[in-house]
Every structure is written in structure tokens, then in C-alpha cells.
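As C-alpha cells, the structure follows; a few thoughts come after it.
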Amino acid sequence: MGSIVSILQNSNESGPDIILDFENAQPIPEEEQLYRYVVEILNRSNAILQSLRQYTGCGDLIRKAISNPSPQTEEEAWVALTPSAVKLKKYYEFSQRIEDIFPRILYILCKGNITENLAKYQATTKKLADLLSFVLQFDDLKMTNPSIQNDFSYYRRLLSRIKNNPNINKQNIPVNDELANRMSLFYAYSTPMFKAVTDATLAFVASVSFSLPILDNYI
10 MGSIVSILQN SNESGPDIIL DFENAQPIPE EEQLYRYVVE ILNRSNAILQ SLRQYTGCGD
70 LIRKAISNPS PQTEEEAWVA LTPSAVKLKK YYEFSQRIED IFPRILYILC KGNITENLAK
130 YQATTKKLAD LLSFVLQFDD LKMTNPSIQN DFSYYRRLLS RIKNNPNINK QNIPVNDELA
190 NRMSLFYAYS TPMFKAVTDA TLAFVASVSF SLPILDNYI
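For what it's worth, my numbering labels the leading residue of the sequence shown as 10, then goes sequentially.
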């Protein structure tokens, strides 16, 4: 990915000449299937960002449950945290889709001459830019909302204790222990979406059978 960014940054300097027309870029047959899949993913990105912008924490109920622990206060916190956990699960699952599609985009753009590929597959290049834009916006919103980390930390804390609370419906658990552990690792990073993209890029570099000499300088 570093080599792609480098080429685009140097397009107005002494680097290779490349003309990108993102406004009118249309997928060619070789990239159409991948392009459609990326579009399908991006169609949900605005809803994800809007949901994250509107995310409000459960801080008051969490503080109440911590300062005055009882089955009742824990139940109140759990009821409030359940829909929040559902949202956080959706965000995490969306990151998994991005992590899955990212190496496929890199493959089509990096195999062979990267400069020629960027010019040839302009529709896919545009969608790569859109994906990166989403990643940056998501992480910016996450960094400015500490309630996300606080809510999920207390959700995990309650998750291990609700078995002893007869007032809580054990069937209504949106995120189980195993998934909660994975999500906790995701949200522990200040920029979780960028971390997912970075991991996908490193895995791609390690797995490809063709040489990426320029890319090696950026990892």
C-alpha cells in the first residue's frame, strides 16, 4: 500500500506520469466483480459512521452500578449496555469485511506494474481511496468518544457476573465471551480500523508470490 500512496503523492513531481479521472471512472471487466463487492461494502459505510456519530454512552448507569453494586443496578446497566453492544458488534463485523476485501484490492493493484495498474483499474483505485477515507473517519470518531471503550469494558465485566443475577435474561446476550475477547482487542487500539487495514496489508505482503520491492520500504 505504501508504494501506491508514494506514486500518487509523486504524480506532480518527478515520479511517473499518471492521469486519474475518479469522477468518471468505470470498472473494466477484469475488475468488475471486485468493484461490485467493494461498492456493496461501502454502501453500508455511511450508516456505520452515522451510527457512531450518534453513539451515546451509558456512563451514568455504569457509575451507579459501580458505586452502588446490586442486582438491580447491574440489571439497569445491562439493559442499557445491550443495544450498545449490538452496535459495537456491527462495527467490529464491518471491520472484518474491510480486512477481508483489502488484500484483494491490493492484489489487483500491486501485481505487475503498479503505476500501470492504477491507471488501468481506476474504478477500483477510487474505491480504495473511499475505503481509506472511511477508515480515517471511523477512527477519528472512535478516538473522540471514550464511552465506546468504557461501555464495552463494563459490558465484559458484567458478562462474567450475570449468571448469578436471576433478573437478567441469559438468552439475550448479544456478544458472548469468545466474541467479546476479540472485540476487546479491536477496540483497545485508538485507531482500530487502521489497525485492521495494516494487519491485512502485512498479511498480504507475507503471502504474495510476486515481488513487491517498493512496498517493502513502507512496512
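Ideal Cβ positions, reconstructed from N, Cα and C, are used throughout, including at glycine.
Open item on the list: With H, G and I counted as helix, E and B as strand and the rest as coil, what does DSSP make of R53?
Closed with: coil
Task: Contact check, F111 vs T210, beta carbons under 8 Å - done: yes
Task: DSSP three-state assignment for I37, whether helix, strand or coil - done: Coil.
TODO: Would you kindly work out how many angstroms separate the C-alpha atoms of P183 and Q131, rounded to a whole number?
DONE: 40 Å
Task: Terminal residues of the alpha helix (DSSP H) in which K136 lies - done: 131-152
Task: Helix, strand or coil at V217 [DSSP, three-state] - done: coil
Task: Cβ neighbours of A34 in the same chain (closer than 7 Å, five flanking residues each side left out) - done: Q131, A132, K135
Task: Any 3 or more C-beta pairs closer than 8 Å across the region 187-197 and the region 97-114 - done: yes
- [ ] May I ask you to verify whether the region 115-126 touches the region 51-60, counting CB pairs closer than 8 Å and requiring at least 3?
- [x] no
- [ ] Report buried or exposed for L145, applying the criterion of at least 16 other Cβ atoms within 10 angstroms of its Cβ.
- [x] exposed
- [ ] Look up Q63 in the DSSP assignment and say whether it is helix, strand or coil.
- [x] Q63 falls in the coil class under three-state DSSP.
TODO: State the start and end residues of the unbroken alpha helix (DSSP H) segment that holds T91.
DONE: 80-119
Open item on the list: By the three-class DSSP mapping on this structure, what secondary structure does N185 have?
Closed with: N185 falls in the coil class under three-state DSSP.
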